[in-house]
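Just so you know, the sequences run in chain order X and G. Going by numbering that gives the first Met the number 0, the residue at position 229 of the first sequence is 228; the numbering climbs one at a time, nothing skipped. Going by numbering that gives the first Met the number 0, the residue at position 73 of the second sequence is 72; the numbering climbs one at a time, nothing skipped.
2 protein chains.
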Amino acid sequence: MKKKRVLIVGGVAGGATCATRLRRLDEDAEIVVFDRGPYVSFANCGLPYYVGNIIKQEEKLLLATPPWFQDRFHIEVRTRAEVTAIDRQGCAIAVRDLETGCEYHEPYDALVLSPGAAPVCPPWPGIDLPGIFTLRTIPDSRQIRNWIESKKPRQAVIVGGGFIGLEMAENLVHRGLAVTIVEMANQLLPPLDPEMAEYAGERLIASKVHLRLGDAVAGFEPSAEGGLLVRTQAGASLPADLVVLAIGVRPEIKLARDAGLETGARGGIRVDDQMRTADPRIWAIGDAVEVKNLITGQWELVPLAGLANRQGRVTADVICGRDTRFDGVLATAVCGFFGFTAALTGATEKSLRAAGANGFQSVYLHPRDHAGYYPGGHPIHLKLLFRTSDGLVLGAQALGESGVARRIDVLAAAIQMHSTVFDLEKSELCYAPQYGAAKDPVNLAGMLAANVLRGDMALAPWRELEASDAFLLDVREPWEYNRDTVEGAANVPLGQLRSRLSELPRDREIWITCEIGERAYYACRILAQHGFRVRHLSGGYETYWVMYPMG
Amino acid sequence: MKKKRVLIVGGVAGGATCATRLRRLDEDAEIVVFDRGPYVSFANCGLPYYVGNIIKQEEKLLLATPPWFQDRFHIEVRTRAEVTAIDRQGCAIAVRDLETGCEYHEPYDALVLSPGAAPVCPPWPGIDLPGIFTLRTIPDSRQIRNWIESKKPRQAVIVGGGFIGLEMAENLVHRGLAVTIVEMANQLLPPLDPEMAEYAGERLIASKVHLRLGDAVAGFEPSAEGGLLVRTQAGASLPADLVVLAIGVRPEIKLARDAGLETGARGGIRVDDQMRTADPRIWAIGDAVEVKNLITGQWELVPLAGLANRQGRVTADVICGRDTRFDGVLATAVCGFFGFTAALTGATEKSLRAAGANGFQSVYLHPRDHAGYYPGGHPIHLKLLFRTSDGLVLGAQALGESGVARRIDVLAAAIQMHSTVFDLEKSELCYAPQYGAAKDPVNLAGMLAANVLRGDMALAPWRELEASDAFLLDVREPWEYNRDTVEGAANVPLGQLRSRLSELPRDREIWITCEIGERAYYACRILAQHGFRVRHLSGGYETYWVMYPMG
């Protein structure tokens, strides 16, 4: 029987995983990996930390080398080998050796495209000036390191306030630079709902990072001092000795599109649930493909290493005749910056609305990552989205200093398994004083949402607060109320509520707030049972200030 | 309509939760909580840390006080009030005021028993000598603190190597004492499988704690130096200035048993899935009741605060006419000691065998808590149990310095939702270099188990290693092999395997090992495809040394 010949274009996360999985399943297949760059299987996600010198040695970023692939897996890896065309009829690819300039052809039985995505780099005036960088490869990060070490820059502008932008901010501050982030959107971390992203902004400002949200770059020019000036559309002129563009990535689809393979509206290659393109001999995986969101059903670009790896595995299985599927994504993601963690899984309010969904609600809570009586706890700001009809968990976002990834991981596993908020109520999670609470934040989120669905606590719509004619009631203590409160709220402390019912209106809804929502919930229960029409301002003042950050 | 009168016996985790939930559901009910002790709603789980002075102020341990219950919830709390009898016919309890000695009766519509459990305290000779303590209440921990501060003890013996014993060991070492743990079983942390508990033992020994496993206390006597001598059954005589008994707790069931309520073989009160005893007006919750294990179906005693709280909630719901259920427990638990975490959820091999189960397998793995290329990672020692017929996840145990509770929490959520190992393979979990890996430990556990179930990798039975006539093969590099290996193993490094096939036997099974199991898996795939009969020694040398700790 003829040996199967599998060619893989791109040898980073998806391609490398696919190659080694193929070998494990088929000892006889001929497997060749082509990569345009000098390295394969490198730790893309580690590059900001190499720039920041948290990862000190470049070798650490190399997860595997061509000789390693050869020795361990009998996989041939050709670096500096650019695949320039696909001859679908002839089942062959054209390859250019970037060292010699020679072109040659290679036939395939199966072809896997794992070309990745390239940093977006708009044609702004001055974009080619020295000192302006993107970050995708080891050579990219080496260049930034060299620039830092040789030019001793003092001020940096990072264009883009997404995950990479915030990681770069942390690493450049670690390197001693003053950092400004310019972000076109009105929020940081665009995958998050805007009010949740406010917590990230607060942390960045506390870490002395300057933020320019809702402003975009207009161009770059040399400054009189020998550095750069970043001009913004709002008219600002920001001095910078170093600029990093971190405004997202765009799938590398030229090869696929030139070969007539279908691409989607989001600009990625379209594949079926076995990662196969319209051509039954060609698969595509990784950052270059569109994936279906499991919650919203929308096609998305989700450039994450974990997904690329899983897709590589699925593809290897399918090429070897196994019936493995890639169903879609929750797009679980995490980002760390300045001792803070932001993470999310599943849908956001934003993504649900964009998909035209309704019939969902959300609760906010701010529990500590571990028992309050044990020292060193930190609040976790958590938003949970759930379907009103049955309590199905749709998504979650969390930010805080500690325990954030853990709770989002639990919720990701819960969403994967179609958990409802009633399941979350009774999840049995680790509790000892330094690790959690007898009611874990995940339990609390489930309980709050279940309270809503059981009719024990109606939610007030935060976004309608300003237009509402509801009676606003703050049930905290006077010293808390006098410090700050929801604008227009009256104050009756929870402990006095039963004796001061006569002060409350029976002809209007009462929307109740406190510090984090707990006392307001108790107040809701008391007043509802006394016949008042009440709603709960979920998350209390800790949600109010991010919902109305100028308030 | 007459107000409902609910009496609650015991005001710590379960009782306090039940009381406040009742009030939220029924503003009119009359709710009275009785507690024998001077405090209610205190942080039981924090007591070892109060002894260790990690928690410095006793007030921190008081989660709520009687006036707080009154002000916020209109709940009457009577402390130092011992409930001495239940008159089921008359629907009343007898109460003794421990301050005045007066006895009185209180009628109830519903009665909730939340009496907790008492430390086991065998009638050993000398058990009443000064310096011997148990730890259940705030006064208990205050006594130990006072003893430490006034007597300046230098040596402590902790009897019992379970969760509380290890927490006490950490805290007493933190207080400057030399600590010996005497544990009757041949392992620490009895809920864990013995080989997994070895990692805990290693950490304790490295932290200068002396271990005496498989030995039991015979009695105590005063020492010539004014301290104590702990005599063991093996004949040892251990000097101690302080002894803490931490050999478990026993449900407080006298009240229930005297009232003729059913108790189970494990010594706890029997209740249905609404926490109701055989008497329809009496409920029982918390450490005093037996609960059904969701995996093994066995009745168990699981004295954990989170369960007590949940049972309190269920009971309040049921008393208020809601159809809420308590289905059973996974018994998820966590324990921290000396920078190490041990956690488990669901069944263990031990508990499955005790329940007569078979048809399950387990995989061992030792992944890092975060990407290897990012500094500061630590291994997580993980054991996953799954059902052979369909891959249902049955249980997991993990130990390590970091990321342990997170993975056990994810697995607890997965088990709750009846996940299979095939679901774990594709769970989408948080990955950034400092938080995890593109293939998270949970994914890896799923992949290994799925490899077994798909027939890609047969497991060698570790326990049969010594009796087996299999050919043992270590595929690590010679420098690793020469350092230590599975006894009797031959060495062929993975990279040379394909060229040295002729050295391997075709007439015997080959059991393959390496450092942590990864290379052995690759070797299995290579050899299986070349027609050899191979099995995988799951977890490699890192499992071998705990499986055969004397080896």
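Quick reminder that beta carbons are idealized off the backbone N, C-alpha and C, glycines included.
Check your understanding: Using the beta-carbon of each residue, which ones in chain X are nearer than 7 Å to G:Tyr48?
Key -> Mapped onto the second sequence, residue 48 of chain G falls at position 49. Simply Tyr373 and Pro432.
Review point. What in chain G is Cβ-close to X:Asn308, meaning under 7 Å?
Key: Position 309 of the first sequence, counted from the first residue, corresponds to residue 308 of chain X. The contacting residues are Ala437 and Lys438.
Review point. Helix or strand or just coil, what does DSSP make of X:Trp605?
Key: Since the first residue of chain X shown is 0 and the last is 550, residue 605 of chain X is not available in this structure.
Exercise for review: Just confirm the distance between the C-beta atoms of G:Pro114 and G:Arg4, as a whole number of angstroms; I'd bet it's less than 8 Å.
Suggested key: The residue labelled residue 114 of chain G in the question sits at position 115 within the second sequence. The residue labelled residue 4 of chain G in the question sits at position 5 within the second sequence. Going by Cβ atoms, the distance from G:Pro114 to G:Arg4 rounds to 19 Å, so no, they are not a contact pair.
Point to revise | Beta-carbon neighbours of G:Glu476, restricted to chain X and to distances below 9 Å | key: Numbered from its first residue, the second sequence carries residue 476 of chain G at position 477. Simply none; closest approach about 12 Å.
Check your understanding: When the distance is taken between beta carbons, is G:Gly234 closer than 8 Å to G:Ile252?
Key -> Residue 252 of chain G sits at position 253 when you count from the first residue of the second sequence. Residue 234 of chain G sits at position 235 when you count from the first residue of the second sequence. Their beta carbons are not under 8 Å apart, which means G:Ile252 does not touch G:Gly234 by this criterion.
Review point. Based on Cα-Cα distance, which residue from G:Tyr198, G:Met183 and G:Asn145 lies nearest to G:Leu241?
Key: Position 242 of the second sequence holds residue 241 of chain G. Of the listed residues, the one whose Cα sits closest to G:Leu241 is G:Asn145.
Check your understanding: Skipping 5 residues on each side, what residues in its chain have a beta carbon closer than 7 Å to that of X:Pro189?
Key -> The count along the first sequence starts at 1 and reaches residue 189 of chain X at position 190. Excluding residues within five positions, the ones whose Cβ falls inside 7 Å are Gly161.
Check your understanding: How long is the line joining the alpha carbons of G:Gln433 and G:Gly259, rounded to whole angstroms?
Key -> What you label residue 433 of chain G is simply residue 434 of the second sequence in a count that begins at 1. What you label residue 259 of chain G is simply residue 260 of the second sequence in a count that begins at 1. Spanning the alpha carbons of G:Gln433 and G:Gly259 requires a straight line of approximately 57 Å.
Exercise for review: Quick one: grab the DSSP three-state call for G:Thr484.
Suggested key: On the second sequence, position 485 is the one that residue 484 of chain G refers to. Coil.
Check your understanding: What does G:Cys120 reach in chain X if we use C-beta pairs closer than 8 Å?
Key -> Position 121 of the second sequence holds residue 120 of chain G. Within chain X, no residue comes near G:Cys120; the closest Cβ sits about 23 Å away, beyond 8 Å.
Check your understanding: Taking 8 Å as the CB-CB cut-off, is X:Ser537 touching chain G?
Key -> Reading the first sequence from its first residue, position 538 is the one you call residue 537 of chain X. Using a CB distance cut-off of 8 Å, X:Ser537 does not count as an interface residue toward chain G.
Check your understanding: Is G:Asn43 helix, strand or coil when you go by DSSP?
Key -> Working through the second sequence from its first residue, we reach residue 43 of chain G at position 44. If DSSP states are grouped into helix, strand and coil, G:Asn43 belongs with the helices.
Review point. So, helix, strand or coil for G:Arg23, using DSSP?
Key: On the second sequence, position 24 is the one that residue 23 of chain G refers to. G:Arg23 falls in the helix class under three-state DSSP.
Point to revise | Cβ contact (3+ pairs, closer than 8 Å) linking the segment 391-411 of chain X and the segment 340-352 of chain X | key: yes
Review point. How should X:Asn450 be labelled, buried or exposed, when 16 other C-beta atoms within 10 angstroms of its C-beta is the threshold for buried?
Key: One-based indexing of the first sequence puts residue 450 of chain X at position 451. Its Cβ being crowded by 16 or more others within 10 Å, X:Asn450 is buried.
Check your understanding: To the nearest whole angstrom, what separates the beta carbons of G:Leu329 and G:Phe359, a pair I think is in contact under 8 Å?
Key -> Indexing the second sequence from 1 puts residue 329 of chain G at position 330. Indexing the second sequence from 1 puts residue 359 of chain G at position 360. With a Cβ gap of about 16 Å, G:Leu329 and G:Phe359 do not count as contacting.
Check your understanding: Mapping DSSP to helix, strand and coil, what is G:Ala117?
Key -> For the purposes of this step, residue 117 of chain G is identified with residue 118 of the second sequence, where counting begins at 1. Correct three-state label for G:Ala117: strand.
Point to revise | 8 Å Cβ cutoff, X:Ile126 in contact with chain G | key: Here residue 126 of chain X refers to the residue found at position 127 of the first sequence. No, X:Ile126 does not count as interfacial toward chain G.
Point to revise | DSSP state of X:Gly550 mapped onto helix, strand, coil | key: In the first sequence, residue 550 of chain X corresponds to position 551, counting from 1. Interpretation of X:Gly550 is limited by its pLDDT of 44, a score under 50 that renders its predicted location unreliable; no figure is taken from the coordinates.
Review point. Taking DSSP as the reference, what is the three-state secondary structure of X:Gln310?
Key: The count along the first sequence starts at 1 and reaches residue 310 of chain X at position 311. It is helical.
**Study point:** Members of the segment 395-418 of chain G near chain X, C-beta cut-off 7 Å
**Key:** Ala404, Arg405, Ile407, Asp408, Val409, Ala411, Ala412, Ala413, Gln415, Met416 and Ser418
Review point. Can you find a CB in chain G that lies within less than 8 Å of the CB of X:Ile74?
Key: Against the first sequence, residue 74 of chain X aligns to sequence position 75. Output row for X:Ile74: interface = no.
Point to revise | Contacts around X:Leu391, its chain only, beta-carbon distance under 6 Å, and the 5 residues preceding and following it disregarded | key: As a working note, residue 391 of chain X is residue 392 in the first sequence. Excluding residues within five positions, the ones whose Cβ falls inside 6 Å are Thr419.
Review point. How is X:Gly89 classed by DSSP in three states: helix, strand or coil?
Key: Taking the first residue of the first sequence as 1, we reach residue 89 of chain X at position 90. It is coil, neither helix nor strand.
Practice item. Please go through the same chain and pick out, in chain order, the residues whose beta-carbon is closer than 8 Å to the beta-carbon of G:Ile294, but skip the five residues on each side of it. Key: Taking the second sequence and counting its residues from 1, one reaches residue 294 of chain G at position 295. Setting aside the 5 residues that flank it on each side, G:Ile294 is surrounded in the same chain by Leu329, Gly345, Ala346, Ser350, Leu351, Leu393, Gly394 and Ile414, each with a C-beta closer than 8 Å to its C-beta; the list follows chain order.
Practice item. Please state whether DSSP places G:Lys438 in a helix, a strand or coil. Key: The residue labelled residue 438 of chain G in the question sits at position 439 within the second sequence. Coil.
Point to revise | Of the listed residues G:Pro250, G:Glu424 and G:Phe325, nearest to G:Pro118 (C-alpha basis) | key: Against the second sequence, residue 118 of chain G aligns to sequence position 119. The residue with the shortest Cα to Cα distance from G:Pro118 is G:Pro250.
**Study point:** Proximal residues, the segment 254-288 of chain G versus chain X, C-beta separation under 9 Å
**Key:** none
Exercise for review: Please go through the same chain and pick out, in chain order, the residues whose beta-carbon is closer than 7 Å to the beta-carbon of X:Tyr103, but skip the five residues on each side of it.
Suggested key: Locating residue 103 of chain X in the first sequence gives position 104, where the first residue counts as 1. Excluding the 5 residues flanking it on each side, X:Tyr103 has same chain C-beta neighbours closer than 7 Å at Val94, in chain order.
**Study point:** CB contact check: G:Leu329 to chain X, cutoff 8 Å
**Key:** Taking the second sequence and counting its residues from 1, one reaches residue 329 of chain G at position 330. Interface residue, yes.
Point to revise | G:Leu60 versus G:Leu46: straight-line alpha-carbon distance, rounded | key: As a first step, residue 60 of chain G is located in the second sequence; it is residue number 61 there, counting from the start. As a first step, residue 46 of chain G is located in the second sequence; it is residue number 47 there, counting from the start. So the alpha carbons of these two residues sit roughly 8 Å apart.
Exercise for review: Determine whether the Cβ of G:His377 lies closer than 8 Å to any Cβ atom of chain X.
Suggested key: Here the question's residue 377 of chain G lines up with position 378 in the second sequence. Not flagged as an interface residue toward chain X: G:His377, since no C-beta distance is shorter than 8 Å.
Check your understanding: What residues in its chain sit with their C-beta under 7 Å from that of X:Arg482, if we drop five residues either side in the sequence?
Key -> Position 483 of the first sequence, counted from the start, is the residue given in the question as residue 482 of chain X. So the list is empty, once near-sequence residues are dropped.
Practice item. Identify which residue in G:Ala80, G:Gly164, G:Gln142 and G:Gly218 has its Cα closest to the Cα of G:Pro122. Key: The count along the second sequence starts at 1 and reaches residue 122 of chain G at position 123. It is G:Gly218.
Check your understanding: For G:Ala196 versus G:Leu203, is the C-beta distance shorter than 8 Å?
Key -> The residue you call residue 196 of chain G lines up with position 197 of the second sequence. The residue you call residue 203 of chain G lines up with position 204 of the second sequence. No, Cβ-Cβ distance for G:Ala196 and G:Leu203 is not below 8 Å.
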